[in-house]
Amino acid sequence: MRGRRARKVHVGIYRGKPSISYRDLEGKQRRFTYDTKAEAKAEAERVQDELRGPVRRCEMPYATVKEFGVWWLSYLKTLAEADEPRIKPRTVESYTWALEKHVYGTLLGLTQVRDVWHGTVMQHLAELGKKLSRNSVRIVRATLHTLMQDAIAQGIIIHNPVASISKAKRDRFAAPAPCSETATAFDPIEEAKFFEACATKAKRYRLLFRVYARAGLRVGEGRALQIGDVDLESQAITVSRTVHRKARIGPTKSSRIRKVPISSRLAGELREHISSLREQSMAAGRPSNEW
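So the sequence shown is residues 170 to 460, counted in this note's numbering.
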């Protein structure tokens, strides 16, 4: 995807240990440490090959932003649908939304990629800022930045016109976020009332809600929990996956595995729930590895 300019994987020292650092295909900074320098170098070579991937060329040097965007999205979709996805489908959905809804049908979308300069993009963001929220403008700007980076890799342009638009300049054009009431957590009385209501109206999800409240998991992370993720001896939950849109299982938001300690009371409730599930599974003659 990156053509002649593949992303660079750097080998160095982090907190006294050999490490590698790089930006993945979604632009997120990644850093991992290893016990030996040889392990770090071997992993750096593997990641570099993975980032480079198969090269696909765009034979449209005079393409408009819309034409290049259509080609670019089609290629990203092939990467997302591969056996080992190199980009999250949700990221492709975000790029598609930004381009199809807020770029293709505009003057910017009809401009040739090689004729786009930072003033063109700033004017476009200024128009979007009149009707979109600050976060939506941020997503459009980020999508255009990544699109132009790949246009550089394809040899269409030599400079990214979006790179010079800083966060301060972008936010200058964004409409202020609408005022809303400040969100507050349940106090002990409200929490007790909530779980009392769950006992009668949502008994099936009462324990899941308690896990959310006590372990601080995201909604998708709680839905993706399995029995093997619960360590009753050490009273901890291992969070390694989440449920994305369309019930698709994938890595967590940070793509990292973490251990969350739980109270003895919650551990006891989970022990009873797991025992009940195993009894039901044995009676039905099926494995009991999920909630």
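Beta carbons are placed, not taken as given, at the ideal position from N, Cα and C, and that holds for glycine.
Predicted, not measured: the structure shown is a model, and the values here were computed from it.
{"query": "Residue 274, buried or exposed, once every other Cβ within 10 Å from all chains shown has been counted against 16", "result": "exposed"}
{"query": "Sequence-distant residues of the same chain with beta carbon closer than 8 Å to residue 321, five excluded per side", "result": "174, 327, 328 and 329"}
{"query": "Delimiting residues of the alpha helix (DSSP H) encompassing residue 381", "result": "375-384"}
{"query": "Contact belief for residue 216 with residue 189 at Cβ below 8 Å, rounded distance in angstroms", "result": "7 Å"}
{"query": "Cα-Cα separation, residue 166 to residue 388", "result": "A query on residue 166 cannot be resolved here, the shown segment of the chain reaching from 170 to 460 and no further."}
{"query": "Through-space distance from residue 200 to residue 438, alpha-carbon basis", "result": "37 Å"}
{"query": "Segment limits, alpha helix (DSSP H) that includes residue 285", "result": "Unbroken run through residue 285: none, as it is neither H nor E."}
{"query": "Where residue 431 falls, given that 16 or more other Cβ within 10 Å makes a residue buried", "result": "buried"}
{"query": "Simplified DSSP state of residue 204, which is helix, strand or coil", "result": "coil"}
{"query": "Own chain, CB closer than 7 Å to residue 210, minus 5 neighbours either side, in chain order", "result": "180"}
{"query": "Residues that DSSP places opposite residue 430 in a beta bridge", "result": "405"}
{"query": "Top-ranked residue by Cα proximity to residue 316, from 232, 399 and 360", "result": "232"}
{"query": "Status (buried if at least 16 other CB within 10 Å, exposed otherwise) for residue 241", "result": "buried"}
{"query": "Residue 419 in three-state terms, based on DSSP", "result": "strand"}
{"query": "Test item: CB-CB of residue 391 and residue 257 under 8 Å", "result": "no"}
{"query": "Span of the alpha helix (DSSP H) around residue 179", "result": "Here residue 179 belongs to no alpha helix (DSSP H); instead the beta strand (DSSP E) covers 179-183."}
{"query": "Nearest-angstrom Cβ-Cβ length linking residue 219 and residue 255, presumed shorter than 8 Å", "result": "7 Å"}
{"query": "Three-state class that DSSP yields for residue 187 in the structure shown", "result": "strand"}
{"query": "Distance between beta carbons of residue 411 and residue 426, contact taken as under 8 Å", "result": "The Cβ separation is near 12 Å, so there is no contact."}
{"query": "Nonlocal neighbours in the same chain, by C-beta distance under 8 Å from residue 383, ignoring five residues either side", "result": "431, 432 and 435"}
{"query": "C-beta atoms of residue 267 and residue 308 nearer than 8 Å", "result": "yes"}
{"query": "Length-filtered (3 minimum) beta strand (DSSP E) runs lying within the segment 259-331", "result": "none"}
{"query": "Beta-carbon proximity of residue 428 to residue 393, cut-off 8 Å", "result": "no"}
{"query": "Residue 243 - containing alpha helix (DSSP H), residue span", "result": "234-249"}
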